[in-house]
Amino acid sequence: MGFFSSSTKEVPPVQEVPQHVAVIMDGNGRWAKKRFLPRVAGHQRGLESVRAMVKACVRLQINYLTLFAFSSENWRRPQEEVTFLMSLFLEALDREVKKLHDANVILKLIGDRSAFNAALQQKMIEAEAKTAANTGLVLTIAVNYGGRWDVVNAMNQLMQTRPDLKQIEECDLLPYLSMPYAPEPDLFIRTGGETRISNFLLWQLAYTELYFTPTLWPDFDDDAFEAALSSYRQRERRFGRTSEQLVDGSDA
Numbered sequence: 016m017g018f019f020s021s022s023t024k025e026v027p028p029v030q031e032v033p034q035h036v037a038v039i040m041d042g043n044g045r046w047a048k049k050r051f052l053p054r055v056a057g058h059q060r061g062l063e064s065v066r067a068m069v070k071a072c073v074r075l076q077i078n079y080l081t082l083f084a085f086s087s088e089n090w091r092r093p094q095e096e097v098t099f100l101m102s103l104f105l106e107a108l109d110r111e112v113k114k115l116h117d118a119n120v121i122l123k124l125i126g127d128r129s130a131f132n133a134a135l136q137q138k139m140i141e142a143e144a145k146t147a148a149n150t151g152l153v154l155t156i157a158v159n160y161g162g163r164w165d166v167v168n169a170m171n172q173l174m175q176t177r178p179d180l181k182q183i184e185e186c187d188l189l190p191y192l193s194m195p196y197a198p199e200p201d202l203f204i205r206t207g208g209e210t211r212i213s214n215f216l217l218w219q220l221a222y223t224e225l226y227f228t229p230t231l232w233p234d235f236d237d238d239a240f241e242a243a244l245s246s247y248r249q250r251e252r253r254f255g256r257t258s259e260q261l262v263d264g265s266d267a
């Protein structure tokens with residue numbers, strides 16, 4: 016997989032079905048609270064929605080799916096919940112990676128791994144290696160990830176590698192961002208009713224279509240996904256151009 020171009024430099028291809036969908040999976044805790052269950056039960060149920068989403072993307076021939084599992088700000092949550100999320104993540108790596116591999120899915124994990132213990136970091140390396148040669152859906156899980164961290168981390172890597180640079184262009188930075196292997200998301204979905212992007216893929220979402228739904232993540236099923244895709248199909252993706260240019264096919 017090579018590097019993809021920037022939507023601010025080149026107009027990307029527009030298709031009826033998005034090539035790349037990014038999701039903030041919000042509402043697990045509230046789903047559990049409504050049912051008088053502990054918050055951790057919502058996270059367990061949310062994993063089933065992840066499985067369904069992956070299957071739907073494979074079926075619809077969506078090439079890239081990126082899920083925000085744990086942000087760099089989520090460490091502020093109650094310790095009990097953070098501990099459970101880490102154990103759930105470790106369990107998912109153990110149980111789900113073989114299924115992903117059998118389904119020809121490529122697993123990528125992005126974010127600052129330095130906060131995780133050595134055993135979990137090793138599991139992450141092994142999970143990516145196991146699926147690296149696959150050729151199907153690219154599933155990216157963002158863990159301990161933040162959009163600002165992504166840009167700062169890329170800048171630090173660039174400066175270390177290219178200390179001679181006096182002026183930086185977008186093309187210089189792109190290879191060092193977390194997802195140079197994927198096109199920018201076409202569609203961003205946030206469940207749970209909040210209408211913000213919460214430090215997720217700040218660089219990559221420059222021209223992404225945003226879709227917010229009150230549906231809680233554990234309830235986000237195929238019908239809810241189809242509603243998001245239907246909304247996407249109705250969007251006019253201009254990338255700075257006018258509606259008239261889209262009609263006559265001109266880029267002038």
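Numbering (this note's numbering), first residue to last: 16 to 267.
All C-beta atoms in this analysis are idealised placements derived from N, C-alpha and C, irrespective of residue type, glycine included.
Please list the terminal residues of the continuous beta strand (DSSP E) segment that includes residue i.
{"i": "alanine 37", "result": "35 to 39"}
{"i": "threonine 98", "result": "Threonine 98 -> not in any beta strand (DSSP E); alpha helix (DSSP H) instead, spanning 94 to 117."}
{"i": "alanine 84", "result": "79 to 86"}
{"i": "leucine 122", "result": "121 to 125"}
Use the C-beta contact count for residue i: other C-beta atoms within 10 angstroms, 16 or more gives buried, fewer gives exposed.
{"i": "glutamate 88", "result": "exposed"}
{"i": "asparagine 171", "result": "exposed"}
{"i": "proline 178", "result": "exposed"}
{"i": "isoleucine 39", "result": "buried"}
{"i": "cysteine 72", "result": "buried"}
{"i": "arginine 250", "result": "exposed"}
{"i": "lysine 9", "result": "Outside the modelled stretch of the chain, which goes from 16 to 267, sits residue 9, for which no answer is possible."}
{"i": "leucine 108", "result": "buried"}
{"i": "arginine 211", "result": "exposed"}
{"i": "serine 245", "result": "exposed"}
{"i": "aspartate 237", "result": "exposed"}
{"i": "leucine 231", "result": "buried"}
{"i": "asparagine 119", "result": "exposed"}
{"i": "threonine 98", "result": "exposed"}
{"i": "lysine 138", "result": "buried"}
{"i": "glutamate 31", "result": "exposed"}
{"i": "phenylalanine 85", "result": "buried"}
{"i": "serine 193", "result": "buried"}
{"i": "threonine 150", "result": "exposed"}
What span of residues does the alpha helix (DSSP H) with residue i cover, start to end?
{"i": "valine 158", "result": "Element bounds for valine 158: not the alpha helix (DSSP H) but the beta strand (DSSP E), 153 to 160."}
{"i": "serine 246", "result": "237 to 248"}
{"i": "isoleucine 140", "result": "133 to 146"}
{"i": "alanine 47", "result": "43 to 49"}
{"i": "glutamine 59", "result": "54 to 75"}
Under 8 Å by Cβ, that's how I've got residue i and residue j pegged, so tell me the actual separation to the nearest angstrom.
{"i": "tryptophan 218", "j": "valine 166", "result": "6 Å"}
{"i": "proline 233", "j": "asparagine 43", "result": "6 Å"}
{"i": "threonine 223", "j": "proline 200", "result": "5 Å"}
{"i": "proline 198", "j": "glutamine 34", "result": "6 Å"}
{"i": "leucine 152", "j": "leucine 80", "result": "6 Å"}
{"i": "alanine 37", "j": "phenylalanine 203", "result": "5 Å"}
{"i": "phenylalanine 104", "j": "valine 65", "result": "That pair is no contact at about 11 Å."}
Stretch pair the segment 58 to 72 + the segment 127 to 139: three plus CB contacts closer than 8 Å: In short, these stretches do not touch, since the Cβ pair count stays below three.
Every unbroken beta strand (DSSP E) within the segment 160 to 236, with a cutoff of 3 residues, ordered by chain: 202 to 205 and 224 to 227
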